[in-house]
Each structure stands twice: as structure tokens, then as C-alpha cells.
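*Asks:* Here UniProt numbering is used: the first residue of the sequence shown is 1, the next is one more, and so on. Think of the CB as a built atom: it goes at the ideal place given N, C-alpha and C, for glycine as much as any other residue.
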Amino acid sequence: MRMNGFYPVILTKNVAQSTEFYQKHFEFQSVYESDWYVSLRNGNGYELALLSADHPTVPEAYRKKAEGLILNMEVDHVDKEYERLITDAKLSLVQDIRDEDFGQRHFILSDPGGVLIDVITMIPPSAEESSHYVDAAWKKEE
């Protein structure tokens, strides 16, 4: 299959509030905007859409806000983003900033609807964890 695009669509109870959140804190701009659906894109071409959870286009059994979803956002300087988003903007911190043996320095916050956002800077993994990487660029030199 040849894909022409791929992006998450988050079911939310409040499209306007979620739209404002992603525009204000993550530099997304509206591409399409209605009261029940908003398509967003940022300057790097990443896309995200927000859909009213109770809209008739969603099968009735699934008309609820998103659950069990984490959006990973890789950045150059996670500590600067922590200061901007948590210290300054006082967004909802779910997991404090920390280094992981598998090669990430990150923190997790949530959007207004409870979707988790993992803000990440890649760091070298531990020697033990580096063996799990298929991409040789992330493996530690022996």
C-alpha cells in the first residue's frame, strides 16, 4: 500500500478547547476548521486532527473521548520545553522529566481531553539497551 498521508485524529469532547491548546503550545495552525472537526498542521508539516467524539461520522459504539493514547513529540532540547510548558505555562504534568536507559530524556503532560503528550529528546541508550536498536546510529560503540 502506498500512503499519501498519515496523521492521528483525536476524538475529543471539546474541539475548540483542544484546538486552542495545540495552537498555543505546539505551534499548530488550522488547515480546516468547523465546530466538529479541525485539521491542524505545523511548520514542519506534521499533522493532527481533532474530531468531536459525538459526531455522527464516528460509529456510535466509539463516541467517546480518546483513551490509551500517547503522542510522542521529539524535540532538540527537552529541558527548554519543560521550562516553557510546565514551569512557565503550568500545563498538566503527568510524569516529571527523567532519563531512560532505552535512550530518552522526557516528560509527559496531558492535553485538555486527557491525551498524553510525551516530549522527548533522544539520548544515548545504556550499553544493555543499545543492543535492542536496529538502527546502528543509536548503538554504542563497542
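1. Any chance the region 108-120 sits against the region 65-81, with 3 or more Cβ pairs inside 8 Å?
2. Who are the Cβ neighbours of I123 in its own chain at under 7 Å, not counting the five residues just before and after it?
3. Classify A89 as buried or exposed, calling it buried when 16 or more other Cβ atoms lie within 10 Å of its own Cβ.
4. Spatial neighbours of G43 within its chain, please: C-beta separation below 7 Å, excluding the five flanking residues on both sides.
5. Keeping to the same chain, check which residues put their C-beta closer than 8 Å to that of S30; ignore five residues upstream and five downstream.
6. Count the other CB atoms within 10 Å of the CB of I70; is the residue buried (16 or more) or exposed (fewer)?
7. Which one or two residues does DSSP pair with N4 in a beta bridge?
8. Whole angstroms are fine: how far does the CA of G113 sit from the CA of N14?
9. Closest to S34 by CA distance: which of K64, L85, Q17 is it?
10. Which two residues bound the contiguous beta strand (DSSP E) that contains H106?
11. Y32 lies in the beta strand (DSSP E); which residues open and close that run?
12. In its own chain, which residues sit with a C-beta less than 7 Å from the C-beta of D54, not counting the 5 before and 5 after it?
13. Let me make sure I understand the geometry here. Which of G68, I10, I86, E67 has the alpha-carbon closest to that of S52?
14. Between which two residues does the alpha helix (DSSP H) holding residue 177 run?
15. Whole angstroms is fine: what's the gap from E93's alpha carbon to F107's?
*Replies:* So, from the listed chains and residues:
1. yes
2. D99, G103, Q104, R105
3. Exposed.
4. E27
5. T19, Q23, V38, S39, L40
6. exposed
7. Beta-bridge pairing links N4 to no other residue.
8. 8 Å
9. Out of K64, L85, Q17, Q17 has the C-alpha closest to the C-alpha of S34.
10. 104-110
11. 29-33
12. R63
13. Scanning G68, I10, I86, E67 for the CA closest to the CA of S52 turns up I10.
14. In the structure as shown, the chain begins at 1 and stops at 142. Residue 177 is therefore absent and cannot be evaluated.
15. According to the sequence displayed, residue 93 carries Leu and not Glu. If I take the Cα positions, the gap works out to 8 Å.
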